[in-house]
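S.K.:
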Ligand code: C5P
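In the working numbering, the protein residues as written are 1 to 406.
1. Within 10 angstroms of its Cβ, does residue 406 collect 16 or more other Cβ (buried), or is it exposed?
2. Ignore the nearest five residues each way along the sequence and tell me which others in residue 14's own chain have a CB closer than 6 Å to its CB.
3. By the three-class DSSP mapping on this structure, what secondary structure does residue 284 have?
4. Does the contact criterion of 3 or more C-beta pairs under 8 Å hold for the segment 382 to 401 versus the segment 221 to 235?
5. Taking only the alpha-carbon atoms, compute the straight-line gap between residue 163 and residue 237 and give it to the nearest angstrom.
6. Counting only the same chain and skipping the five closest in sequence on each side, list residues whose C-beta sits under 6 Å from that of residue 148.
7. For the ligand C5P, enumerate in chain order all residues having a CB closer than 5 Å to any of its heavy atoms.
8. Can you tell me whether residue 113 is buried or exposed? The criterion is at least 16 other CB atoms within 10 Å of its CB, across all chains shown.
9. Could you spell out where the alpha helix (DSSP H) holding residue 12 opens and where it closes?
10. Taking contact to mean 3 or more Cβ pairs, one atom from each stretch, closer than 8 Å, check whether the segment 373 to 390 and the segment 197 to 217 are in contact.
11. What's the gap between the Cα of residue 259 and the Cα of residue 57?
12. How would you write the range of the alpha helix (DSSP H) that residue 116 sits in, first residue to last?
13. Give me, in chain order, the residues of the same chain whose beta-carbon lies closer than 7 Å to that of residue 167; leave out the 5 immediate sequence neighbours on both sides.
14. Rounded to the nearest angstrom, what separates residue 223 and residue 175 at their Cα positions?
15. Between the Cα of residue 194 and the Cα atoms of 178, 160, 220 and 239, which residue gives the shortest distance?
16. At the level of alpha carbons, what is the spacing between residue 98 and residue 171?
17. Under a three-way DSSP split, which group does residue 356 fall into?
18. Of all the alpha helix (DSSP H) runs that stay within the bounds of the segment 181 to 235, which reach a length of 4 or more residues?
19. Taking only three categories from DSSP, how would you classify residue 411?
20. Whole angstroms is fine: what's the gap from residue 60's alpha carbon to residue 392's?
21. What is the rounded straight-line gap between the Cα of residue 404 and the Cα of residue 33?
22. Are the CB atoms of residue 104 and residue 145 nearer to each other than 9 Å?
23. How big is the Cα-Cα spacing for residue 94 and residue 159?
24. CB-CB under 6 Å to residue 2, same chain, minus the five flanking residues each way: which ones, in chain order?
25. Taking only runs of the alpha helix (DSSP H) that begin and end inside the segment 23 to 68, which ones reach a length of at least 4 residues, in chain order?
26. So residue 301 packs on residue 316, CB below 8 Å; how close in whole Å?
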């Protein structure tokens with residue numbers, strides 16, 4: 001995503017107070033300052049003691065062109081600009097990277113150093129971009145802190161999932177600077193290119209009960225659909241995410257509706273209409289048991305029970321049907337194991353949607369994995385996208401959708 005140009009107008013002449021806390025991702029703050037400055041946004045930096053272990057005040061100063069503040073009890077700083085004033089002179093306070101420690105201090109309302117004092121004293125909106133080891137991110141304490149900060153109106157830029165500096169793999173990597181830039185532009189009242197639009201995204205598998213303990217399901221993890229919901233929200237869309245049972249958390253800043261079955265998913269999607277955009281990334285079960293057994297089906301010793309299946313409603317086809325509630329852009333997915341393009345093109349025509357994102361799920365671990373390789377099929381033909389991680393793909397798709405709406 002090209003971070004700077006589309007946000008230039010919205011960021012110019014604004015002022016951001018950037019707090020850089022400790023963590024290996026602190027180096028990405030340098031790129032963020034560069035992007036903000038390029039967009040005409042003034043940046044004043046505050047570097048915490050832990051942050052200074054990873055980047056120097058001098059590099060922040062060189063890029064921001066401004067004095068860098070580090071010390072709560074500096075008489076010189078205080079005579080130039082009181083620290084309360086520092087927190088109020090900005091249009092937005094940004095913490096990037098935000099360590100688990102600073103998030104905990106913010107939640108508790110501590111004012112133990114310059115950064116936390118400013119965060120407690122500010123009357124401006126605060127946006128945090130967390131970055132930490134995945135276990136720290138997943139810890140109940142961190143998640144509870146984030147929930148409480150979010151409830152107070154703190155904006156959170158979701159971290160990425162991927163290989164981490166500590167050698168582990170998972171969520172907790174600082175979001176890429178262009179993504180943080182887009183969230184800043186949005187927070188500054190600028191809205192983002194999809195501001196004012198409503199998007200419905202379906203994600204994950206559906207579970208179709210056979211009896212009270214068994215169901216028909218599939219391997220969908222929901223990673224791709226959830227990433228798309230987040231990417232659309234980051235560009236300013238109001239997003240309703242209708243998700244089947246998944247093991248991943250709801251993305252921040254989307255309204256999530258949790259369902260089990262295809263019938264429930266359809267009902268939730270219809271209840272969320274009207275929408276401008278619909279992206280059907282869910283792996284909806286094609287069939288369900290005609291009748292759910294009221295009790296656990298027992299082994300009879302006379303072979304397996306016969307399972308009578310019936311067709312599930314096709315949510316994508318229903319959304320694509322002409323009518324006053326049809327979203328302006330309906331995007332479907334096609335998971336294929338052979339003849340990708342011709343099968344996907346047939347699906348585009350058959351379902352009546354506008355675009356199909358086709359991926360080859362044959363044997364490469366794409367279903368449930370971190371990466372995805374797709375071909376985007378639109379009325380103007382097929383575009384082959386290289387292998388990339390699902391978050392990158394989501395951002396690329398969201399940018400394409402925003403271009404369509406320009
Ligand atoms: O027909 P197939 O399952 O291959 O089509 C995949 C596309 O259709 C995906 O976008 C999926 O979300 C959507 N779909 C749906 N409802 C169904 C089956 C598929 O929305 N019952």
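C-beta atoms are modelled at their ideal positions from N, C-alpha and C, and glycine is treated no differently.
M.R.: Here's the rundown:
1. Along the chain shown, one-based indexing puts residue 406 at 406. Residue environment for residue 406: exposed (fewer than 16 other C-beta atoms within 10 angstroms of its C-beta).
2. Position 14 of the chain shown, counted from the start, is the residue given in the question as residue 14. Result list for residue 14: 41, 91 and 188, in chain order.
3. Against the chain shown, residue 284 aligns to sequence position 284. Looking at residue 284 - three-state DSSP - the assignment turns out to be coil, as it is neither helix nor strand.
4. yes
5. Here residue 163 refers to the residue found at position 163 of the chain shown. Here residue 237 refers to the residue found at position 237 of the chain shown. Computed Cα separation, rounded: 29 Å.
6. Here residue 148 refers to the residue found at position 148 of the chain shown. Taken in chain order, the residues that qualify are 107.
7. 280, 282, 284, 312, 314, 315, 316, 332 and 333
8. Numbered from 1 along the chain shown, position 113 holds the residue referred to as residue 113. Buried, because 16 or more other Cβ atoms sit within 10 Å of the Cβ of residue 113.
9. Taking the chain shown and counting its residues from 1, the one referred to as residue 12 is at position 12. Where residue 12 is concerned, there is no enclosing alpha helix (DSSP H), given that its DSSP letter is neither H nor E.
10. Because the criterion of three Cβ pairs below 8 Å is not met, the segment 373 to 390 and the segment 197 to 217 do not touch.
11. Taking the first residue of the chain shown as 1, we reach residue 259 at position 259. Taking the first residue of the chain shown as 1, we reach residue 57 at position 57. Computed Cα separation, rounded: 49 Å.
12. Counted from its first residue, the chain shown places residue 116 at position 116. Unbroken alpha helix (DSSP H) run through residue 116: 114 to 121.
13. Walking along the chain shown from the start, residue 167 turns up at place 167. So the list is empty, once near-sequence residues are dropped.
14. Taking the first residue of the chain shown as position 1, residue 223 is located at position 223. Taking the first residue of the chain shown as position 1, residue 175 is located at position 175. When rounded, the distance between both Cα atoms is 16 Å.
15. Taking the first residue of the chain shown as 1, we reach residue 194 at position 194. Of 178, 160, 220 and 239, the residue nearest in Cα terms is 239.
16. Counting from one through the chain shown, the residue named residue 98 turns up at place 98. Counting from one through the chain shown, the residue named residue 171 turns up at place 171. Taking the straight line joining both Cα atoms gives about 14 Å.
17. Stepping through the chain shown from its first residue, residue 356 is reached at position 356. Note: residue 356 maps to strand in three-state DSSP.
18. 223 to 234
19. Because residue 411 is not part of the residues shown, which for the chain are 1 to 406, the question remains open.
20. Against the chain shown, residue 60 aligns to sequence position 60. Against the chain shown, residue 392 aligns to sequence position 392. If you take the alpha carbons of residue 60 and residue 392, they lie about 27 Å apart.
21. Against the chain shown, residue 404 aligns to sequence position 404. Against the chain shown, residue 33 aligns to sequence position 33. Computed Cα separation, rounded: 29 Å.
22. On the chain shown, position 104 is the one that residue 104 refers to. On the chain shown, position 145 is the one that residue 145 refers to. Result yes, Cβ atoms of residue 104 and residue 145 sit closer than 9 Å.
23. Counted from its first residue, the chain shown places residue 94 at position 94. Counted from its first residue, the chain shown places residue 159 at position 159. Rounded to the nearest angstrom, the two C-alpha atoms are 15 Å apart.
24. The sequence position of residue 2 within the chain shown is 2, counting from 1. Reliability of the predicted coordinates at residue 2 is poor, the pLDDT of 40 falling under 50, and the value obtained from them is presented with this limitation in mind. Excluding positions up to five away in sequence, the list is empty.
25. The qualifying runs are 27 to 38 and 57 to 64.
26. Taking the chain shown and counting its residues from 1, the one referred to as residue 301 is at position 301. Taking the chain shown and counting its residues from 1, the one referred to as residue 316 is at position 316. No, residue 301 and residue 316 are not in contact; Cβ-Cβ is about 43 Å, not under 8 Å.
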